[in-house]
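Undergrad: Mind having a look at this structure? Questions to follow.
Numbering (the working numbering), first residue to last: 35 to 321.
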């Protein structure tokens, strides 16, 4: 079953780590990427799609001007994949979607926004190893040469020199995961990685419906969120760690000292999704 609703902390851990055993290396190392959402109804839309309008035509203009105005020393290399990673990290609408290797980091982003505690949250799990079996041969060959399950930006830069080249590699839309450069402590601490579809207009959750063996969606009930949040705080999975600096510290303290009753008072009715509402940028999900 692709979608499962848990009813306890223990059941949640069982589901998150259900595929952790890797018989090839005889270690408990999951091959899934995780993405946490504070509202289970959120689609897996990129920020480029959520920009609206003729967004596919805007992508080139966004990246060209980002490269023009950004300081050249903000990227380790000059490839399109280096620039895309930096742009995504700093909030530019891109075709990339944020994920993490850590199920606990994903849980953080499913429970960081206490104004959404009246709504069910979710953690998506996608097996990147299996997804990469569907890649066009040139990209699969690059992974095989490196003996890797996931691309780095350098590996991808060697194989693909432009976004049109990337989109033209396959007759059908394909999904790819890449690790961003360790440009700051936020990327490192969030154990981050990105995904992208070869078609920038495609929505990932719709694409996944046609590949049911690749994914699972764990529904985190609203009534379980406070327990999960408090246990994550006890385990030091907080904004103070995931967003190093005074901004993260302030966000953590504000949430940590908000009384439970006050957090639940005067909450919106949740009649629909506010997909365009501003969100804190994070490689792990939407808060």
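Backbone N, C-alpha and C define an ideal beta-carbon position, used for all residues, glycine too.
Every value quoted in this text rests on a predicted model; they were computed, and no experiment measured them.
1. For residue 134 versus residue 47, is the C-beta distance shorter than 8 Å?
2. So which of 66, 41, 42 has the shortest CA-CA distance to residue 226?
3. Since I believe residue 293 is in contact with residue 154 (beta carbons under 8 Å), could you give me their beta-carbon distance rounded to a whole number of angstroms?
4. Are residue 69 and residue 121 touching if we call contact CB-CB under 8 Å?
5. Please state the DSSP three-state secondary structure of residue 269.
6. Let me know if residue 175 comes out buried or exposed under the rule of 16 or more other beta-carbons within 10 Å of its beta-carbon.
7. What are the uninterrupted segments assigned as beta strand (DSSP E) that are 3 or more residues long and contained completely in the segment 226-275, given in chain order?
8. The alpha helix (DSSP H) that contains residue 165, what's its start and end?
9. Could you have a look at residue 298 and say whether DSSP puts it in helix, strand or coil?
10. Per the DSSP calculation, residue 156 is bridged to which residue(s)?
11. Which of the three DSSP states is assigned to residue 223 in this structure?
12. On the three-pair Cβ rule with 8 Å, is the segment 266-273 touching the segment 234-248?
13. When you compare the segment 177-185 with the segment 276-288, are there three or more beta-carbon pairs, one atom per stretch, that lie closer than 8 Å?
14. Residue range of the beta strand (DSSP E) that residue 37 falls in?
15. For residue 292, name the three-state secondary structure that DSSP assigns.
16. Check each candidate in 210, 177, 178 and name the one with the smallest Cα separation from residue 160.
17. Is the number of C-beta pairs between the segment 228-239 and the segment 194-210 that are closer than 8 Å three or more?
18. Could you please give the first and the last residue of the uninterrupted alpha helix (DSSP H) stretch that includes residue 51?
19. Suppose you measure from the CA of residue 206 to the CA of residue 167; what does that come to, to the nearest Å?
20. In three-state terms, what does DSSP make of residue 280?
TA: Taking the structure as given:
1. no
2. It is 66 whose Cα lies nearest to the Cα of residue 226.
3. Rounded, the Cβ-Cβ distance is 23 Å, inconsistent with contact.
4. no
5. coil
6. exposed
7. 226-231, 249-254
8. 162-165
9. Residue placement at residue 298 cannot be trusted, given a pLDDT of 48 that sits under 50; the coordinates are not used to answer.
10. 71, 253
11. Residue 223 falls in the helix class under three-state DSSP.
12. no
13. no
14. 37-39
15. Correct three-state label for residue 292: coil.
16. Relative to the Cα of residue 160, the nearest Cα in the group 210, 177, 178 belongs to 210.
17. yes
18. No alpha helix (DSSP H) contains residue 51, which DSSP labels as neither H nor E.
19. For residue 206 and residue 167, the distance between alpha carbons rounds to 13 Å.
20. Correct three-state label for residue 280: helix.
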